[in-house]
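Chemist: Quick one: the structure is below, questions incoming.
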Amino acid sequence: NESSTGSNVRRIEAVTSEGAVAYLSGRAALVDSAAATLKCRAEEVPARVEMLSQELREANSKLKKALTGGSSDAIGSAIEAAADMGAYKLVVAEVPGLEAADLRNVWDTIHTKFGSQAACVIATVTEKGTPALLAAAAEDAVAAGFHAGNLIKTIAPAVDGRGGGRPNMAQAGGKNAKGVSAALDLARTELGA
Numbered sequence: 266n267e268s269s270t271g272s273n274v275r276r277i278e279a280v281t282s283e284g285a286v287a288y289l290s291g292r293a294a295l296v297d298s299a300a301a302t303l304k305c306r307a308e309e310v311p312a313r314v315e316m317l318s319q320e321l322r323e324a325n326s327k328l329k330k331a332l333t334g335g336s337s338d339a340i341g342s343a344i345e346a347a348a349d350m351g352a353y354k355l356v357v358a359e360v361p362g363l364e365a366a367d368l369r370n371v372w373d374t375i376h377t378k379f380g381s382q383a384a385c386v387i388a389t390v391t392e393k394g395t396p397a398l399l400a401a402a403a404e405d406a407v408a409a410g411f412h413a414g415n416l417i418k419t420i421a422p423a424v425d426g427r428g429g430g431r432p433n434m435a436q437a438g439g440k441n442a443k444g445v446s447a448a449l450d451l452a453r454t455e456l457g458a
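Using the working numbering, you'd call the opening residue of the sequence shown number 266 and step up by one each time.
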């Protein structure tokens, strides 16, 4: 180990003699144990760990796509239950099990389904237990009076939060996960859905 002990003074710590041998033997045992667990030779451990790490990243990516894509039961049900607002289709729903950033992927799915007539107010409670809200609208909905920024400012206090944004997209975070249903109900009321 190497560290600073003061101005222009460095401390170097090392193991020597039998301590060094014991240290290296312990390290070798760790590598051998990892190799046995990974069912490979000790020399192949770094490559095997990197391969497994890549597989895990790909699996997590596929899982997120499944959760936020049109095939997700919650999203599919929300799209099926979209309210016809005349000039646009409105999806108001809570989508469990997502992070705040994933709400944009859900919006992409809704936008793909309804095109320029898409609008949504969607919410989730993250793994940390914090609520997240997103309101978004395509061209026809904005032209019909849907203003995501104003809507988010109105409903965010229901989750003890605040937020804002543009007429076509706005987000909010909060502290009160129990207020998600109230926020969505308030959105329906504000939009006349």
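Cβ coordinates follow ideal geometry from the N, Cα and C atoms, glycine included.
Could you round the C-beta distance between Arg453 and Val357 to whole angstroms and report it? I think they count as a contact, below 8 Å.
Modeler: Their Cβ separation, rounded to whole angstroms, is 6 Å, which keeps Arg453 and Val357 in contact under 8 Å.
Chemist: Sorry if obvious, but does the Cβ on Thr389 come closer than 7 Å to a heavy atom of the ligand FAD?
Modeler: This structure simply doesn't include the ligand FAD, nor any ligand for that matter.
Chemist: By Cβ distance below 6 Å, which residues in the same chain neighbour Ser406 in space, the five residues on each side in sequence not counted?
Modeler: Here residue 406 turns out to be Ala, not Ser, going by the sequence shown. Excluding positions up to five away in sequence, the list reads Tyr353, Ala384.
Chemist: Considering only residues of the same chain and omitting the five flanking positions on each side of Leu303, which have a CB-CB separation below 6 Å?
Modeler: Within the same chain, Leu303 has close Cβ partners Arg313.
Chemist: On the three-pair Cβ rule with 8 Å, is the segment 422-434 touching the segment 393-408?
Modeler: Touching, yes.
Chemist: What does the Cβ neighbour count give for Gly291, buried or exposed, with the cut at 16 atoms within 10 Å?
Modeler: Exposed is the call here.
Chemist: Which residue comes first and which comes last in the beta strand (DSSP E) that contains Ala402?
Modeler: 396-402 is the extent of the beta strand (DSSP E) around Ala402.
Chemist: DSSP three-state call for Ala358: helix, strand or coil?
Modeler: Of the three classes helix, strand and coil, the one that applies to Ala358 here is strand, per DSSP.
Chemist: Between the Cα of Glu392 and those of Ile277, Val371, Ala366, spot the shortest distance and give me the residue it belongs to.
Modeler: Answer by Cα proximity: Ala366.
Chemist: Along the chain, where does the beta strand (DSSP E) that runs through Ser381 open and close?
Modeler: From DSSP, Ser381 is part of no beta strand (DSSP E); its letter is neither H nor E.
Chemist: What is the rounded straight-line gap between the Cα of Ala339 and the Cα of Ala287?
Modeler: The straight-line gap from Cα to Cα measures roughly 56 Å.
Chemist: Straight-line CA distance for Ala294 to Ala300?
Modeler: Cα-Cα distance, rounded: 10 Å.
Chemist: So what's Ser389 in DSSP terms, helix, strand or just coil?
Modeler: Ser is not the amino acid found at residue 389; the sequence shown has Thr there. Note: Thr389 maps to strand in three-state DSSP.
Chemist: In or out: Gln319 buried (at least 16 other Cβ within 10 Å) or exposed?
Modeler: So Gln319 ends up on the exposed side.
Chemist: With 16 as the cutoff for other CB atoms within 10 Å, does Val360 come out buried or exposed?
Modeler: Its Cβ being crowded by 16 or more others within 10 Å, Val360 is buried.
Chemist: DSSP three-state call for Ala352: helix, strand or coil?
Modeler: The answer is coil: DSSP assigns Ala352 none of H, G, I, E or B.
Chemist: Check each candidate in Glu309, Glu364, Val390 and name the one with the smallest Cα separation from Val445.
Modeler: With distances taken between Cα atoms, Val445 lies closest to Val390.
Chemist: So Gly284 is in the alpha helix (DSSP H); what residue range does that whole segment cover?
Modeler: Segment 282-303, the alpha helix (DSSP H) holding Gly284.
Chemist: Measure the C-alpha to C-alpha separation of Ser342 and Asn266 and round it to an integer number of angstroms.
Modeler: Between Ser342 and Asn266, the C-alpha separation is close to 57 Å.
Chemist: In the DSSP assignment, what are the bridge partners of Gly410?
Modeler: Bridge partners of Gly410: none, in fact.
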